[in-house]
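Protein chains in written order, with our numbering: chain A, 84 to 235; chain B, 84 to 235.
A virtual CB, placed ideally from N, CA and C, is assigned to each residue, including glycine.
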DNA sequence: ATAAATAAAGATAAATTTGTCTTTAATTTA
DNA sequence: TAAATTAAAGACAAATTTATCTTTATTTAT
């Protein structure tokens with residue numbers, strides 16, 4: 084569905100939303116381990132998300148790291164796709180036709196459009212915070228090994 | 084959603100299903116033009132679909148080309164994904180987690196699973212033939228420029 | 001048989017994505 | 001001010017995907 088970059092971006096952002104605040108920043112290492120993502124690559128991706136402080140914020144230096152503002156946490160999940168330049172994935176024709184539309188539909192268009200609609204609705208109505216809160220609530224995981232962040 | 088290879092495979096197969104029969108075979112050039120796909124690459128992809136005559140059949144030599152049997156036309160669209168080795172796309176976790184499941188769900192799992200279910204249902208119940216027949220029926224297209232195959 | 005037409009197979013190349021590493025800049029603390 | 005810590009930026013490398021081209025095999029028609 085999404086590129087690896089975007090998958091990492093989604094996981095990292097949800098994790099940061101759950102664990103961070105302006106007072107509690109998270110380093111690359113912690114984030115990449117908690118989300119089963121390669122550290123250097125995650126750093127690259129966070130740069131994109133941090134651009135203009137749109138999704139994620141960061142500060143350098145000791146006690147620095149990444150965090151999200153309460154405002155940013157309320158953004159729809161779709162804004163992560165936008166920041167990664169992969170928002171058109173949701174809108175694309177499932178057969179890859181550029182001109183596919185209601186007036187020039189592909190053979191799957193009429194069947195797929197309802198599914199597409201739900202996908203878009205999901206990404207536009209769910210906030211990052213809502214997803215993050217599920218991790219706190221119950222048995223929901225953002226990596227492959229059921230580990231959570233050890234805060235000491 | 085899918086790789087370009089799979090998009091080309093879907094378009095080519097639907098087109099072949101619509102236009103061909105054992106008596107009326109189609110050459111690479113015709114297929115690639117009708118589906119807005121690069122000819123050499125389309126040839127490569129058709130090799131995969133032709134393997135074991137699973138989806139598409141072919142014969143070499145003059146008056147040769149690609150075609151589908153009536154039996155093959157009745158296969159579910161999903162079988163094209165299978166042949167392309169991309170069937171797991173439908174099942175994958177939307178956040179890219181290998182271990183995501185009902186017992187170890189990711190934060191989007193509960194929301195996405197209904198959409199995923201519909202996607203799988205679509206690809207498993209729709210036959211190649213059903214999609215192909217839509218092109219005949221009405222204003223449905225398999226390329227970007229509303230052109231259809233000129234038979235002479 | 002020979003020639004022509006066609007797909008199959010395989011080598012190669014280009015482009016993109018994924019990933020790492022090194023250097024630089026910013027911030028904090030001592 | 002100096003040292004330590006952290007992200008930012010950018011160069012580079014590896015892997016994968018996309019695409020092309022050439023040669024080979026098969027089939028048909030002459």
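Could you check what DSSP says for residue 244 of chain A in three-state terms: helix, strand or coil? Since the first residue shown for chain A is 84 and the last is 235, residue 244 of chain A is missing from the structure and cannot be characterised.
Between residue 219 of chain B and the rest of its own chain, which residues show a CB-CB distance below 8 Å, the 5 nearest in sequence each way excluded? Sequence index remark: in the second chain, residue 219 of chain B carries index 136 (1-based). If we look at residue 219 of chain B and ignore the five residues flanking it on each side, its Cβ neighbours are 101.
Whose Cβ in chain A lies nearer than 9 Å to the Cβ of residue 175 of chain B? Taking the second chain and counting its residues from 1, one reaches residue 175 of chain B at position 92. Going along chain A in sequence order, the residues near residue 175 of chain B (Cβ under 9 Å) are 84.
With three or more C-beta pairs closer than 8 Å as the rule, is the region 194 to 202 of chain A touching the region 147 to 162 of chain B? no
Along the region 88 to 107 of chain B, where does the CB come closer than 7 Å to a CB of chain A? Name the residues. 90, 93, 94, 97
Checking the sheet assignment: what are the DSSP bridge partners for residue 141 of chain A? Numbered from its first residue, the first chain carries residue 141 of chain A at position 58. Beta-bridge pairing links residue 141 of chain A to A/149.
Which word fits residue 144 of chain A, buried or exposed, when buried means at least 16 other C-beta atoms lie within 10 angstroms of its C-beta? Along the first chain, read from residue 1 onward, the residue named residue 144 of chain A stands at position 61. It is exposed - the Cβ of residue 144 of chain A has fewer than 16 other Cβ atoms within 10 Å.
Taking 8 Å as the threshold (C-beta atoms), are residue 206 of chain B and residue 164 of chain B in contact? Your numbering for residue 164 of chain B matches position 81 in the second chain. Your numbering for residue 206 of chain B matches position 123 in the second chain. A contact, by the Cβ cut-off of 8 Å.
Is the beta carbon of residue 208 of chain A less than 8 Å from the beta carbon of residue 159 of chain A? Residue mapping note: residue 208 of chain A aligns to position 125 of the first chain, counting from 1. Residue mapping note: residue 159 of chain A aligns to position 76 of the first chain, counting from 1. For residue 208 of chain A and residue 159 of chain A, yes; Cβs fall inside 8 Å.
Starting from the beta carbon of residue 225 of chain A, find every residue of chain B whose beta carbon is closer than 7 Å, and list them in chain order. Along the first chain, read from residue 1 onward, the residue named residue 225 of chain A stands at position 142. Those are 189, 190, listed as they occur along chain B.
So what does residue 159 of chain A bridge to, in DSSP terms? Taking the first residue of the first chain as 1, we reach residue 159 of chain A at position 76. A/210.
If you draw a straight line from the C-alpha of residue 124 of chain B to the C-alpha of residue 186 of chain B, how long is it? Counting from one through the second chain, the residue named residue 124 of chain B turns up at place 41. Counting from one through the second chain, the residue named residue 186 of chain B turns up at place 103. Roughly 41 Å between the two C-alpha positions.
Give a yes or no on whether 8 Å exceeds the smallest Cβ distance from residue 172 of chain A to chain B. The count along the first chain starts at 1 and reaches residue 172 of chain A at position 89. Residue 172 of chain A counts as touching chain B.
Taking C-alpha atoms, which residue in B/136, B/203, B/169 lies nearest to residue 91 of chain B? For this step, residue 91 of chain B is matched to residue 8 along the second chain. Of B/136, B/203, B/169, the residue nearest in Cα terms is B/169.
Where in the region 167 to 192 of chain B do unbroken runs of the alpha helix (DSSP H), each at least 4 residues long, occur, reported from the N-terminal end onward? 171 to 174
Within the 8 Å Cβ cut-off, does residue 217 of chain B reach chain A? In the second chain, the residue the question calls residue 217 of chain B occupies position 134. Yes, its Cβ sits closer than 8 Å to a Cβ of chain A.
According to DSSP, residues forming a beta bridge with residue 109 of chain A: The residue given as residue 109 of chain A occupies position 26 in the first chain. Partner(s): A/149.
Which of the three DSSP states is assigned to residue 122 of chain A in this structure? Taking the first chain and counting its residues from 1, one reaches residue 122 of chain A at position 39. Residue 122 of chain A: helix per DSSP, three-state reduction.
Kindly say whether residue 181 of chain A, judged by its beta-carbon, lies nearer than 8 Å to any beta-carbon of chain B. By 1-based counting over the first chain, the position of residue 181 of chain A is 98. Output row for residue 181 of chain A: interface = yes.
Any idea what DSSP makes of residue 90 of chain B, helix, strand or coil? Here residue 90 of chain B refers to the residue found at position 7 when the second chain is read from its first residue. In the structure shown, residue 90 of chain B sits in a helix (DSSP, three-state: H, G or I).
Sorted by chain position, which residues of the same chain lie with C-beta nearer than 8 Å to residue 227 of chain A's C-beta, five sequence neighbours on each side aside? Here the question's residue 227 of chain A lines up with position 144 in the first chain. Here the set comprises 119.
Under 9 Å Cβ-Cβ, which residues of chain B neighbour residue 229 of chain A? As a position in the first chain, residue 229 of chain A is number 146, starting the count at 1. Ordered by position in chain B, the residues that pass the 9 Å Cβ test against residue 229 of chain A are 182, 187.
For residue 105 of chain B, count neighbouring Cβ atoms within 10 angstroms of its own Cβ and tell me buried if that reaches 16, exposed if not. Counting from 1 along the second chain, the entry for residue 105 of chain B is found at position 22. The residue is exposed, with fewer than 16 neighbouring Cβ atoms inside 10 Å.
Taking residue 178 of chain B as the query, report the chain A residues whose CB atoms sit under 7 Å from its CB, ordered along the chain. For the purposes of this step, residue 178 of chain B is identified with residue 95 of the second chain, where counting begins at 1. The answer, in chain order, is 90, 93, 94.
Are the CB atoms of residue 114 of chain A and residue 99 of chain A nearer to each other than 8 Å? Numbered from 1 along the first chain, position 31 holds the residue referred to as residue 114 of chain A. Numbered from 1 along the first chain, position 16 holds the residue referred to as residue 99 of chain A. Cβ distance < 8 Å, so residue 114 of chain A and residue 99 of chain A count as in contact.
Buried or exposed (CB count within 10 angstroms, at least 16 for buried), residue 223 of chain B: Counted from its first residue, the second chain places residue 223 of chain B at position 140. Sixteen is the threshold: when 16 or more other Cβ atoms of the shown chains lie within 10 Å of the Cβ of residue 223 of chain B, as they do, the residue is buried.
Please determine, among B/161, B/225, B/95, B/202, the residue with the shortest C-alpha to C-alpha distance to residue 140 of chain B. Taking the second chain and counting its residues from 1, one reaches residue 140 of chain B at position 57. Answer by Cα proximity: B/95.
Could you tell me which chain A residues have their CB closer than 8 Å to the CB of residue 198 of chain B, listed as they occur along the chain? Position 115 of the second chain, counted from the start, is the residue given in the question as residue 198 of chain B. Chain A residues near residue 198 of chain B: 198, 201, 202, 205.
Close beta carbons around residue 167 of chain A, own chain, < 7 Å, minus the five adjacent residues each side: Mapped onto the first chain, residue 167 of chain A falls at position 84. Excluding positions up to five away in sequence, the list reads 88, 89, 92, 131.
In terms of alpha-carbon separation, which member of B/85, B/216, B/211 lies closest to residue 156 of chain B? Here residue 156 of chain B refers to the residue found at position 73 when the second chain is read from its first residue. Of the candidates B/85, B/216, B/211, the one whose C-alpha sits nearest the C-alpha of residue 156 of chain B is B/211.
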